[in-house]
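Accompanying notes for the structure given below.
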Amino acid sequence: MLQLPSLETLNMGAALPAISIAAWACILLLIDLWIPKDRKILTVYLAAGNLVFAFIANLLVFNQSGDSFMGMYVADQFSGVMNLIIIGTALLSIVLSFDYLKRVGIERGEYYVLVLFVTAGAMFMAAANDLILIFVALELLSIPLYVLSAFRAPDIRSEEAGMKYFLLGAFASAFLVFGGAMVYGATGTTNLNEIAASAGMIIASNSSTSLFLLLGAALLLVGLGFKVAAVPFHEWTPDVYEGAPTPVTAFMSVAAKLGGFGSLLRILVVGMSAVTMTAGEPAVWQNVVAILAGLTMIVGNIVALSQANIKRMLAYSSIANAGYILMAVAAAGSPGLANEATRGALVYMLAYMFTNMGAFAVVIAVERANGGADLEHFVGLGKARPMLAIMMVVFMMSLTGIPLTGGFIGKALVFATTLNAGLVWLAIIGVLTSVVSAYYYVRVIVNMFLRDAEASTEEATPGYSTGVQWVAAVALGGTVLLGVLPTLITVLTDRVSLVASITP
Amino acid sequence: MTAVNEWAFIGIFLAVAWVLPAAPLLVSWIFRPRRANAIKMQTYECGVETVGDTWVQFKVQYYIYGLIFLVFDVELVLLFPWALAYNQLDFFAFGAGLLFIFLLADALVYAWRKNALEWA
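First to last, the sequence lines map onto chains S and G. Per our numbering, the first sequence starts with residue 1, numbered consecutively. Per our numbering, the second sequence starts with residue 1001, numbered consecutively.
Okay, here's the thing in structure tokens:
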């Protein structure tokens, strides 16, 4: 008979933060049914309370590494930091959403439940140590996001976004499953540690099995490349980001990326770092990821130059940012650099989270005040709403990577680790595209301050609600604090080591 | 047995898999009488005459019904073996089944409360 584990060996305590969110989402779905339509703020509080609980629980178990579900779920410092960033994203976006949903008349309790499901999915992805759990977590992350993109349903753009995202996302999932099947066929296991143990031998044997392993790894890379919007798998991004409700765009531009990169780092660094042609060389996937990173940065930044819609511009900016994080992933392929690169990627993702949530908070405020998110709607913002405009300046500078902002620290760490890995050409592309990106980020600032609005002299409605105000303020604080005192986060990330058991 | 012989089995299997369905078709094509008339050439030789266009529209509500049906269909497939092996299960398998039922009940209560079960 099949040997089944007992409840103790499951060790569910280690996965408590993620489990609590998934379980509460199921229960909140029912509770929300009995919450009257005009008191949906209650659902917001219940969802946010759960996120705060998970945040605290995650801090409490931060130093207790362990694995649950028979090695499928690994709770270590990496997933600890990832969880903090993911929960933070969810909290900020819930606060961001409430007023927006009310304004456009799509205030439904399911929204917050779906956000919780996405959050749980992203957390499971960052901690999944097994190809099967990675797939299930990816679906848990993706399917609610398809629904959320189409949440403004009668709106044709939102429907288009949901449909496009769904079709391409399903396509990407198929790649991931097929890749997982290939890797399983080659190694006989879905556990990443066991894959790592046999991968080196298989490659060294140079048999047809090594071909299956490489093909499987490539397909996994394609599947996750879709999720993090890396070029050439990025085509869906601008349309989906533009069509989806703005708080959803903010949420998914960060949460989906976090989940995707968490998984990608684990698969490549934990599972595949031994896949080298000769021992001591960088892993064979390093060049592939490096080329993807280079392409992603070039295409993302150059196409962003010609965007007139800020949401679309931020979509291409998010593609470009995926490229910078991919640089760190590529660097992790060099022996002995995996931990440094992982830490760089984590700091980058945290900085990106604050900056991006802040930028989208400003976009939501401008949408509400001026009725749209085109560059034209930002004209004269510096006079009409100086506070909002100054915040936007900081976020744009952080996205460019100017010192004293979080974006600078993230980029500095990522570039440093790329140089250490010997990928000089990639670092050069990174720096050059950063310079290019300054053009379209600064253009927003120029439009806000140096151009006067022609006819918008009428007394505008209050631009932002307390919720949006808070999110923008928190994001501003996070961005600046991270830029001035990076030790606040590096003290956490310095303990992260993905490969303690593999590379000495 | 060498690897080649093992693969040969698959080759034989493939050949047989092609021949078996093809043979009766071929035989009946050789021996059948050829006396075509208008009724014989119809798509459906016997049965009720088709009425109207095939591109009819179904009520969109069937989609919700289809979804809920699927939920219970899958539930049956997964819970049937669970119920059959019930007295051999340990607590983990019992708990897993229970969790699965909870999730389905969760969805059902949601659908119920949202009036998805009413035919309006």
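Glycine included, each C-beta is placed from N, C-alpha and C at the ideal position.
If you compare alpha carbons, which of S:Pro486, S:His377 and S:Ala274 is closest to Phe449 (chain S)? S:His377
When you compare only the Cα positions, how much space is there between Val471 (chain S) and Leu60 (chain S)? 25 Å
Thinking C-alpha only, which one of S:Ala229, S:Gly422, S:Asn356 and S:Gly121 is nearest Gly401 (chain S)? Gly401 (chain S) has its Cα closest to that of S:Asn356, out of S:Ala229, S:Gly422, S:Asn356 and S:Gly121.
For Asn191 (chain S), the residue or residues it bridges with in DSSP: Note: Asn191 (chain S) sits in a beta bridge opposite S:Asp130.
Smallest Cα separation from Ile203 (chain S): which of S:Leu224, S:Ala279 and S:Ala361? For the residues S:Leu224, S:Ala279 and S:Ala361, the minimum Cα distance to Ile203 (chain S) belongs to S:Ala279.
Should the stretch 359-372 of chain S be regarded as contacting the stretch 310-320 of chain S, the criterion being three or more beta carbon pairs within less than 8 Å? yes
Would the beta-carbon of Pro335 (chain S) fall within 9 Å of that of Thr417 (chain S)? Not a contact, by the Cβ cut-off of 9 Å.
Please list the residues of the stretch 24-52 of chain S that have a C-beta atom closer than 7 Å to any C-beta atom in chain G, keeping them in chain order. For the stretch 24-52 of chain S, which is checked against every Cβ of chain G, the residues closer than 7 Å are Cys26, Leu29, Leu30 and Leu33.
For the beta strand (DSSP E) containing Asp67 (chain S), list its first residue and its last residue. Gly66 to Ser68
Do Asp130 (chain S) and Thr187 (chain S) count as a contact pair if the criterion is CB distance below 9 Å? no
Who are the neighbours of Tyr1065 (chain G) on chain S, taking C-beta pairs under 9 Å? Correct list: empty, because the minimum Cβ distance to chain S is about 20 Å.
When the Cα atoms are used, what is the spatial distance from Asn50 (chain S) to Arg343 (chain S)? 28 Å
Taking its Cβ as the centre, do 16 or more other Cβ atoms sit within 10 Å of Trp236 (chain S), making it buried, or is it exposed? buried
Can at least three beta-carbon pairs, one atom from the stretch 139-152 of chain S and one from the stretch 165-177 of chain S, be found at a separation below 8 Å? yes
By the criterion of Cβ-Cβ separation under 8 Å, what are the contact partners of Val1077 (chain G) in chain S? Those within 8 Å of Val1077 (chain G) in chain S number zero; the least Cβ separation is about 18 Å.
Which residues in chain S have a C-beta closer than 8 Å to the C-beta of Val1109 (chain G)? List them in chain order. Leu30 and Leu33
For a cutoff of 9 Å on Cβ pairs, would you count Leu559 (chain S) as touching chain G? Because chain S spans 1 through 504 in this model, residue 559 (chain S) falls outside it and cannot be assessed.
Could you tell me which residues DSSP pairs with Val74 (chain S) in its beta bridges? S:Asp67
Can you list, in chain order, the residues of its chain whose CB lies under 6 Å from that of Gly1011 (chain G), leaving out five sequence neighbours each side? Counting only Cβ-Cβ distances below 6 Å, and skipping sequence neighbours, we find nothing.
Does the CB of Arg1032 (chain G) have a neighbour CB from chain S at under 9 Å? Between Arg1032 (chain G) and chain S, the shortest Cβ-Cβ separation is not below 9 Å.
I'd like the list of long-range same chain contacts for Leu265 (chain S), defined as Cβ closer than 8 Å, with 5 residues on each side in sequence excluded. Phe78, Val329, Ala332, Thr342, Ala345 and Leu498
For Phe1100 (chain G), would you say it is in contact with chain S, using Cβ-to-Cβ distances shorter than 9 Å as the test? Judged by the 9 Å Cβ criterion, Phe1100 (chain G) is not in contact with chain S.
Bounding residues of the alpha helix (DSSP H) (the contiguous stretch that carries Ala425 (chain S)): The sequence given here places Trp at residue 425 (chain S); Ala does not occur at that position. For Trp425 (chain S), the enclosing alpha helix (DSSP H) begins and ends at Val424 to Phe449.
Per-residue contacts from Arg1103 (chain G) into chain S (C-beta, under 9 Å): The sequence given here has Leu at residue 1103 (chain G), not Arg. Within 9 Å Cβ-Cβ: Cys26.
By DSSP, does Asn1115 (chain G) sit in helix, in strand, or in coil? coil
Answer with yes or no whether the minimum CB distance from Phe1069 (chain G) to chain S is below 9 Å. no
One question on the structure: do Ala48 (chain S) and Ile94 (chain S) come within less than 9 Å of each other, judged by their Cβ atoms? yes
Would you identify the three-state DSSP class for Asp155 (chain S), choosing helix, strand or coil? Collapsing the DSSP output to three states places Asp155 (chain S) in coil.
Decide if Met387 (chain S) is buried, meaning its Cβ has at least 16 other Cβ atoms within 10 Å, or exposed. exposed
Counting contacts by CB-CB distance shorter than 9 Å, is Phe1092 (chain G) in contact with chain S? yes
Cα-Cα separation between Leu91 (chain S) and Val1056 (chain G), rounded to whole angstroms: 47 Å
What residues are listed by DSSP as bridge partners for Asp374 (chain S)? S:Asn309
Find out if the Cβ-Cβ distance for the pair Ala127 (chain S), Asn83 (chain S) is shorter than 9 Å. yes
Here's the rule: buried if 16 or more other CB atoms are within 10 angstroms of the residue's CB, otherwise exposed. What is Glu1006 (chain G)? exposed
Cβ pair count under 8 Å reaching 3, the stretch 469-488 of chain S against the stretch 63-76 of chain S: no
In chain order, what residues of the same chain have a beta carbon less than 6 Å from the beta carbon of Ala14 (chain S), not counting five sequence neighbours either side? Gly66, Ser68 and Ala75
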